[in-house]
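Student: Residue numbering for the sequence shown follows UniProt numbering, starting at 1 and increasing by one per position.
Glycine included, each C-beta is placed from N, C-alpha and C at the ideal position.
There's a structure below that I have some questions on.
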Amino acid sequence: MLEELEKLIKELDKGDANRDTFDDLVIVEILWLAHSSDEFQKAKKEKSPSDFLKWLAEWIESIKKLLKNVSPNSVVDEDTSRKGTSEHFIYSENKASLSLNTDSSNKEKIRIPKKKEYYISNELIEALAPLQKPFLSINESQEVDEVATVDYVARTNIVNPIFKAKNENYYDLYLLIDISKSMFIWEETIQVFLEKLKIYSYFRNIKVFYIDTQDMDAPIYTTKRKTHKVNLNVSNSDGHALMFVVSDFIAPAWRKGNLLFKVFERNEKLPTSLINMLPRRMWNGTILANANFSKIHNPKKNLKSTFVTSDIDDEYDEVLYKLPIVNFSLEDFNDLSHFIIGSKANLCTALVSSKEEILYEEEHKKVDLTAEERVQRFFENSSYEAHELALYFSITTHLNFDIMKMIQHNMLPNSQQIHLAEVFVGGLIDKSSNEIFYKFITDKNNFSVRDILLDRLGDYKAMATLKKNSEFIAQNLGSSLDFMALLHGDFNKSEWSKEDEAFAEIARSVFDKIGGNYSKVASKISIQIPEEEIDVVDQVIYVTPTSKRFTMGSNEREEEQPIHEVIINYDFEIAQTPVTVGEFRAFVEDDKYITEAEKGDGAFVYNGKDWEKKEDASWKNPYFEQTDEHPVVCISWNDAQAYIKWLNKKTGEIYRLPTEAEWEYACRAGSTTKWHFGDDEKELEKYAWYRKNSDNRTHSVSTRKPNQWGLYDMNGNVWEWCQDDYTTGYKGIFTDESIYEKEENQIKVFRGGSWADMYRDTRSAGRGSRSLEDCSHFSGFRLLRTLP
Numbered sequence: 001m002l003e004e005l006e007k008l009i010k011e012l013d014k015g016d017a018n019r020d021t022f023d024d025l026v027i028v029e030i031l032w033l034a035h036s037s038d039e040f041q042k043a044k045k046e047k048s049p050s051d052f053l054k055w056l057a058e059w060i061e062s063i064k065k066l067l068k069n070v071s072p073n074s075v076v077d078e079d080t081s082r083k084g085t086s087e088h089f090i091y092s093e094n095k096a097s098l099s100l101n102t103d104s105s106n107k108e109k110i111r112i113p114k115k116k117e118y119y120i121s122n123e124l125i126e127a128l129a130p131l132q133k134p135f136l137s138i139n140e141s142q143e144v145d146e147v148a149t150v151d152y153v154a155r156t157n158i159v160n161p162i163f164k165a166k167n168e169n170y171y172d173l174y175l176l177i178d179i180s181k182s183m184f185i186w187e188e189t190i191q192v193f194l195e196k197l198k199i200y201s202y203f204r205n206i207k208v209f210y211i212d213t214q215d216m217d218a219p220i221y222t223t224k225r226k227t228h229k230v231n232l233n234v235s236n237s238d239g240h241a242l243m244f245v246v247s248d249f250i251a252p253a254w255r256k257g258n259l260l261f262k263v264f265e266r267n268e269k270l271p272t273s274l275i276n277m278l279p280r281r282m283w284n285g286t287i288l289a290n291a292n293f294s295k296i297h298n299p300k301k302n303l304k305s306t307f308v309t310s311d312i313d314d315e316y317d318e319v320l321y322k323l324p325i326v327n328f329s330l331e332d333f334n335d336l337s338h339f340i341i342g343s344k345a346n347l348c349t350a351l352v353s354s355k356e357e358i359l360y361e362e363e364h365k366k367v368d369l370t371a372e373e374r375v376q377r378f379f380e381n382s383s384y385e386a387h388e389l390a391l392y393f394s395i396t397t398h399l400n401f402d403i404m405k406m407i408q409h410n411m412l413p414n415s416q417q418i419h420l421a422e423v424f425v426g427g428l429i430d431k432s433s434n435e436i437f438y439k440f441i442t443d444k445n446n447f448s449v450r451d452i453l454l455d456r457l458g459d460y461k462a463m464a465t466l467k468k469n470s471e472f473i474a475q476n477l478g479s480s481l482d483f484m485a486l487l488h489g490d491f492n493k494s495e496w497s498k499e500d501e502a503f504a505e506i507a508r509s510v511f512d513k514i515g516g517n518y519s520k521v522a523s524k525i526s527i528q529i530p531e532e533e534i535d536v537v538d539q540v541i542y543v544t545p546t547s548k549r550f551t552m553g554s555n556e557r558e559e560e561q562p563i564h565e566v567i568i569n570y571d572f573e574i575a576q577t578p579v580t581v582g583e584f585r586a587f588v589e590d591d592k593y594i595t596e597a598e599k600g601d602g603a604f605v606y607n608g609k610d611w612e613k614k615e616d617a618s619w620k621n622p623y624f625e626q627t628d629e630h631p632v633v634c635i636s637w638n639d640a641q642a643y644i645k646w647l648n649k650k651t652g653e654i655y656r657l658p659t660e661a662e663w664e665y666a667c668r669a670g671s672t673t674k675w676h677f678g679d680d681e682k683e684l685e686k687y688a689w690y691r692k693n694s695d696n697r698t699h700s701v702s703t704r705k706p707n708q709w710g711l712y713d714m715n716g717n718v719w720e721w722c723q724d725d726y727t728t729g730y731k732g733i734f735t736d737e738s739i740y741e742k743e744e745n746q747i748k749v750f751r752g753g754s755w756a757d758m759y760r761d762t763r764s765a766g767r768g769s770r771s772l773e774d775c776s777h778f779s780g781f782r783l784l785r786t787l788p
């Protein structure tokens, strides 16, 4: 067996000259393989417990000698075909790949050594040992736990038997892992945590679920990352089950409070604890920023909130929700374990809240900061290492996790995973319209966070950073691109690969920012980006009327009367969402279009009390933060027509605004109630952004539930222009799908209500009107096309 192990160890002994010894977990896994050998099993069976332990000590020493005899470069290379997290769960200098461009067909990748980051120590997992059934007194009749003994001896060099307790595993564990966008930073940490939980086997069973928080009210649970949807089937029939929720609590589903409320409710049936990936100093900007915390006790050894007591001096303590919350720290895990079992030292930090506080908590307010204020706030609230990383990241216009890791490895190799997380959640960057990359935020005055960081970095350090990373790229790709060649103009752009072009664009942006003679260099290496085909209608869905008639209008308001039947005798396509900022930007940049708000005296905005016209308000600056995924606003009816004219020319199709009848037909989706989901206003928050839950701004499209036909944001978020002229009621107008327009009428209909409106205005029958030149930061539009 030792000969076989020697071959295995030598096979592992490859590829890393920087490691001096095997990681403890490597040793444990080697011993784990060895202990299942015939030699081990024979000794265990034939020898007495005392003789077996002596034999075990000698056996382990023999294996350790093998480990000492190998050269100090033992590494398991991660298969480059794998994506995401390592399958090995071994903290050694594994390699990762990096791509600088968005072309997935490009096969050349840069390999970056992974570091031993945010280490999940064995001691931290051992802190969960009290969750097992209490040990009985040690005696010769007890069975030796070989796995635990091998692990203990390998780590401590102390030969001490670990005995199995009777009924040792007391709890089942359900792990619910958040896979929202910000959690990608922690994938490896979580995988190591899972693996060590399995190795130590403190639980009867471990079942893992992942939670996708894209839909803020109806999170999707999966048993494998990003696969089929499943129900969160958990059982606590014998009272011996726990749930750990692992997250950074950043995603909107947490910050709205809805998802947290679901966790609180589940805690009453299945004791649940929160494991926060972020240290306490980084909780600002999450659901925990303004939460109430307390030390909680479990004197009755019952984990229901009604039995758990807190330090809060509140006569209603019994009706408060109390949820333990910990970080990946030894102290926190010790506190959690002793709290769960109800030992004397059972104080544990908890999130404490009433039902009303969680259910109706407003989304964490996004302050409209300038770029300078964002940078200042970041430097005041983050670590020195995070400051340095942010400055180094400013050399690039393209930010993704791989590029960040490359720069971190080259410029600040001693920094850790947590420092990268500080930059990621520090309010400096946001998701770009390209789902692969992130970008530095630009404020409403068009000042960029990146420019401020570059100024702070300084010309010399910017050049040095660029040079060092270019050398790293060239070395890994075997590229002919050279930093000094770029600087002196000694290059041939026709020979550049896509990786070269991506790096050259980064270099150009740095040279251009530094200015002076470097601007000339920037112009020389500027790349002519080929015009891409513009695809702005990929979210159109096909709607087929289920009947030729529907009932339009209501008796609630005069302008919605009379209720009447409308006949629609054709099929049409209607966009799944309103036109977004990104889609409208493509039009503006391609057509050089200037909106009426930009040409005139601005747009109407809500200042928190009244509506006022702001000269600088426009679709670019609606006086609240927005991304390319938000519905475009401050758009007049005329602006919408200009967009449609451009789109029809681009696509060869005939898109238009919906008629008022078509719009209500699509909104109702076969229903006759106030809203497509029914008449209960309490359900509206699940489907619409309106005054009660919007925080006085628009939200990204498709973040509420759709109607029965798959259409998003038909209720709330933005009012949507229709083709028709406005009338005070339906009496005397068409009872079919015809457009109602009069040449002299300058008032147009819009439908659906907005983020600024009360629930009544979001009803399917609700109507609004404005001048066709009106621009407001609550008005947008969606597209429709009649099918042939």
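Under 8 Å Cβ to Cβ from Ser769, same chain only, skipping five residues before and after it: list those, please.
Tutor: Tyr726, Ile747, Lys748, Val749 and Phe750
Student: Excluding the 5 residues preceding and the 5 following Ile341 in the sequence, name in chain order all residues of the same chain whose CB lies nearer than 6 Å to its CB.
Tutor: Pro130
Student: Any idea if Leu783 is buried or exposed, counting beta-carbon neighbours within 10 angstroms, 16 or more meaning buried?
Tutor: By the neighbour-count definition (other C-beta atoms within 10 Å, threshold 16), Leu783 is a buried residue.
Student: Alpha carbon to alpha carbon, how far is Gln376 from Glu685?
Tutor: 35 Å
Student: Give me the residue from Val633, Val449, Asp610 and Ser353 with the minimum Cα distance to Ser394.
Tutor: Val449
Student: Do Ile325 and Val246 come within 7 Å of each other at the CB atom, strictly closer than that value?
Tutor: For the pair Val246 and Ile325, the CB atoms are not nearer than the 7 Å cut-off.
Student: Using the C-alpha atoms, what's the distance from Phe244 back to Gly553?
Tutor: 49 Å
Student: Is the beta carbon of Ala603 closer than 7 Å to that of Ser754?
Tutor: Judged by beta-carbon spacing, Ala603 lies beyond the 7 Å limit of Ser754, meaning their Cβ atoms are not closer than that value.
Student: Using three-state DSSP, classify Lys322 as helix, strand or coil.
Tutor: strand
Student: Grouping DSSP H, G and I as helix and E and B as strand, with all else coil, what is Val246?
Tutor: strand
Student: If we ignore side chains and look at the alpha-carbon of each, how far apart do Leu428 and His699 end up?
Tutor: The straight-line gap from Cα to Cα measures roughly 19 Å.
Student: So, using beta-carbon positions, are Glu559 and Thr728 closer together than 7 Å?
Tutor: yes
Student: Identify which residue in Glu565, Thr762, Ser201 and Ile162 has its Cα closest to the Cα of Asp679.
Tutor: Thr762
Student: How many angstroms separate the CA atom of Tyr717 from the CA atom of Met758?
Tutor: Per the sequence shown, residue 717 should be read as Asn rather than Tyr. Rounded to the nearest angstrom, the two C-alpha atoms are 11 Å apart.
Student: For the region 601-631, list the beta strand (DSSP E) runs that are entirely contained and at least 3 residues long, ordered along the chain.
Tutor: 603-606 and 611-614
Student: With distances taken Cα to Cα, identify the nearest neighbour of Leu320 among Asn327, Asp335, Phe293 and Phe328.
Tutor: Nearest of Asn327, Asp335, Phe293 and Phe328 to Leu320, Cα basis: Phe293.
Student: Taking the alpha-carbon positions, what's the Glu773 to Cys634 distance?
Tutor: So the two alpha carbons sit approximately 10 Å from each other.
Student: Please state the DSSP three-state secondary structure of Tyr665.
Tutor: helix
Student: Would you identify the three-state DSSP class for Gly747, choosing helix, strand or coil?
Tutor: Looking at the sequence itself, residue 747 is Ile, so the reference to Gly does not match. Correct three-state label for Ile747: strand.
Student: Identify whether Val176 lies in helix, strand or coil by the three-state DSSP scheme.
Tutor: First, the amino acid is wrong: residue 176 is Leu here, not Val. Strand at Leu176.
Student: In the region 554-610, which residue ranges form an unbroken beta strand (DSSP E) of at least 3 residues, counting only runs that do not cross its ends?
Tutor: 564-567, 572-575 and 603-606
Student: In the DSSP assignment, what are the bridge partners of Leu428?
Tutor: When beta bridges are read from the DSSP output, Leu428 appears opposite no residue.
Student: When the Cα atoms are used, what is the spatial distance from Asp248 to Met183?
Tutor: 7 Å
Student: Just how far apart, CA to CA, sit Phe378 and Gly766?
Tutor: 44 Å
Student: Going by DSSP, what residues sit across from Asp757 in a beta bridge?
Tutor: Under the DSSP definition of a beta bridge, Asp757 lacks any partner.
Student: Could you pull the start and end residues of the beta strand (DSSP E) that Val784 belongs to?
Tutor: Contrary to the premise, residue 784 reads as Leu rather than Val in this sequence. Counting along the chain, the beta strand (DSSP E) containing Leu784 begins and ends at Leu784 to Thr786.
Student: Can you tell me whether DSSP reads Tyr438 as helix, strand or coil?
Tutor: Assigned with DSSP and collapsed to three states, Tyr438 falls in strand.
Student: Are the CB atoms of Leu412 and Leu389 nearer to each other than 7 Å?
Tutor: yes
Student: Might you give, ordered along the chain, the residues of its own chain that have their beta carbon closer than 6 Å to the beta carbon of Gly426, omitting 5 neighbours on each side?
Tutor: Phe378 and Ser382
Student: Is the beta carbon of Ala386 less than 7 Å from the beta carbon of His419?
Tutor: yes
Student: Give a yes or no on contact between the region 575-583 and the region 700-716, applying the rule of three or more CB pairs nearer than 8 Å.
Tutor: Short answer: they touch.
Student: In this structure, does DSSP put Gln723 in helix, strand or coil?
Tutor: Strand at Gln723.
Student: Is the region 635-650 in contact with the region 703-713, if contact means three or more CB pairs nearer than 8 Å?
Tutor: Flag = no, the region 635-650 and the region 703-713 do not touch.
Student: DSSP puts His297 in a beta bridge; with which residues?
Tutor: According to DSSP, which records beta bridges pairwise, His297 is partnered with Thr309.
Student: So Trp709 and Ser779 are supposed to be a Cβ contact under 8 Å. How far apart are they, rounded?
Tutor: Actually they are not in contact, since the Cβ atoms of Trp709 and Ser779 sit about 23 Å apart, beyond 8 Å.
Student: Let me know the secondary structure DSSP gives Asn552 once reduced to three states.
Tutor: Before going on, a small fix: residue 552 reads as Met here, not Asn. In this structure, Met552 counts as strand in the three-state DSSP scheme.
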